[in-house]
Amino acid sequence: MSKFEYTNNYYHISKLLSLSIDKLSELTNSKIEKKNCLNLYNNQHLNFYKKELTVLASWPSIGKTALALNWAQDFAGNQNKSVGFISAGIPDSETLFLRLLSLESKIYPTKIRRGFLSVNDLKKIKNACKKLYNLPIFISDIPNSKFKDIKNIANNMVSKNKIEILFIDGFDYIYEIAVSKKLFCEGALMAENTEPYYYEINFIMDGFKYLAKELKIPIVLLISIKRDIYNNEPTIASFEDKLAIPKIADKVIFLHRERDKDSAKWHNAEVIIAKDSHNPSGFVNLEFNKGTGKFRCQKK
Numbered sequence: 014m015s016k017f018e019y020t021n022n023y024y025h026i027s028k029l030l031s032l033s034i035d036k037l038s039e040l041t042n043s044k045i046e047k048k049n050c051l052n053l054y055n056n057q058h059l060n061f062y063k064k065e066l067t068v069l070a071s072w073p074s075i076g077k078t079a080l081a082l083n084w085a086q087d088f089a090g091n092q093n094k095s096v097g098f099i100s101a102g103i104p105d106s107e108t109l110f111l112r113l114l115s116l117e118s119k120i121y122p123t124k125i126r127r128g129f130l131s132v133n134d135l136k137k138i139k140n141a142c143k144k145l146y147n148l149p150i151f152i153s154d155i156p157n158s159k160f161k162d163i164k165n166i167a168n169n170m171v172s173k174n175k176i177e178i179l180f181i182d183g184f185d186y187i188y189e190i191a192v193s194k195k196l197f198c199e200g201a202l203m204a205e206n207t208e209p210y211y212y213e214i215n216f217i218m219d220g221f222k223y224l225a226k227e228l229k230i231p232i233v234l235l236i237s238i239k240r241d242i243y244n245n246e247p248t249i250a251s252f253e254d255k256l257a258i259p260k261i262a263d264k265v266i267f268l269h270r271e272r273d274k275d276s277a278k279w280h281n282a283e284v285i286i287a288k289d290s291h292n293p294s295g296f297v298n299l300e301f302n303k304g305t306g307k308f309r310c311q312k313k
């Protein structure tokens with residue numbers, strides 16, 4: 014039987030009690046808890062625990078990839094943590110680097126791309142390149158990604174580069190390939206054409222969750238959701254027909270902000286923690302600069 018299949022295992026309550034006590038014993042030791050998770054902004058809602066799968070979701074073009082790059086830069090630059098970033102679907106490594114360069118230099122990516130740079134801009138870019146050069150960030154782009162491809166890259170990043178957290182962008186591409194070609198997680202049963210598509214979501218999500226446990230690192234999966242016609246904040250229900258995604262994930266985070274055409278100003282953004290296996294749900298207030306793609310903690 015595949016390790017990705019649902020089974021009919023059941024336990025006596027004494028077994029669950031024993032497992033729970035062991036876990037509680039670990040969590041009472043703050044040193045162990047800190048060792049087992051990565052943290053952002055010194056905020057309890059933004060803890061990323063080893064072996065757990067986090068979903069970071071938002072409407073399209075709201076900034077979830079930018080937010081993930083901000084977090085990757087924070088882990089690597091401020092905390093000296095090795096970070097992996099896989100862009101699934103289309104080759105995107107050069108664009109991702111350009112966005113990191115913009116974050117570090119505070120110069121708009123469009124300005125860098127067009128080459129309209131002053132002498133002062135060039136100095137900023139030079140200094141930014143020096144800082145980025147030594148950051149332990151490892152980027153991969155895999156066209157037409159299958160789960161097996163992503164798993165192989167992730168294994169290499171862990172074994173060779175000792176990454177401590179992995180971001181995976183492009184879930185929609187992975188899902189579409191799985192649906193069109195019936196390519197699921199390695200070892201999973203092939204679904205018949207007559208089976209409901211939600212089995213495919215289950216297989217994919219179970220695959221990523223098992224991968225996080227196998228690699229013993231947090232995995233953050235970036236997913237797009239449909240925009241609410243009333244511009245309401247996203248909720249678990251926003252996944253609509255893909256409710257297996259939040260069900261299987263250990264943590265679900267939504268990025269929410271209003272669209273604004275002014276690229277120069279800082280705009281309010283909100284990180285909503287809708288599900289967390291360790292803490293109550295909550296939110297973190299941020300500010301976003303559309304021009305550079307920079308997020309920062311909201312000033313009080």
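Residue 309 in this note's numbering is what sits at position 296 of the sequence shown, and the numbering runs on without skipping anything.
Here a beta-carbon is modelled for each residue, glycine too, at the ideal position from N, C-alpha and C.
Item	Value
Assumed close pair N174, F151 - CB separation to whole angstroms, cut-off 8 Å	5 Å
Three-state secondary structure (DSSP) of T248	coil
For N133 and L235, the rounded distance between their alpha carbons	35 Å
F301 burial status per 10 Å Cβ neighbour count (16 or more: buried)	buried
Residues of its chain near K239, where Cβ-Cβ distance is below 8 Å and the 5 sequence neighbours each way are ignored	W72, S251, E253
C-beta contact flag for K77 and L69 at 7 Å	yes
L268 beta carbon less than 7 Å from that of L109	no
Sequence-distant residues of its chain with Cβ nearer than 6 Å to Q57 (five each side left out)	N292
Selection from L148, M218, Y188 that minimises the alpha carbon distance to K260	M218
Pairwise C-alpha distance: R127 and S106	18 Å
CB of A282 within 7 Å of CB of R270, strictly	yes
Which residues DSSP lists as bridging L29, in chain order	Answer is none; L29 lacks a bridge partner.
Assumed close pair Y186, G102 - CB separation to whole angstroms, cut-off 8 Å	3 Å
Buried or exposed by the 16-neighbour rule on C-beta atoms within 10 Å, applied to R309	exposed
P231 burial status per 10 Å Cβ neighbour count (16 or more: buried)	buried
Whole-angstrom C-beta distance between I214 and I258, which should lie under 8 Å	6 Å
K229 and T67 closer than 7 Å at C-beta	no
Cross-strand partners of L82 (DSSP beta bridge)	Looking at the DSSP assignment, L82 forms no beta bridge with any residue, so it has no partner.
Three-state secondary structure assigned by DSSP to S100	strand
Helix, strand or coil at P156 according to DSSP, with G and I counted as helix	strand
G183 and S100 closer than 7 Å at C-beta	yes
Proximal residues to L53 (C-beta, below 7 Å), its chain only, five neighbours per side dropped	L59, W84, D87
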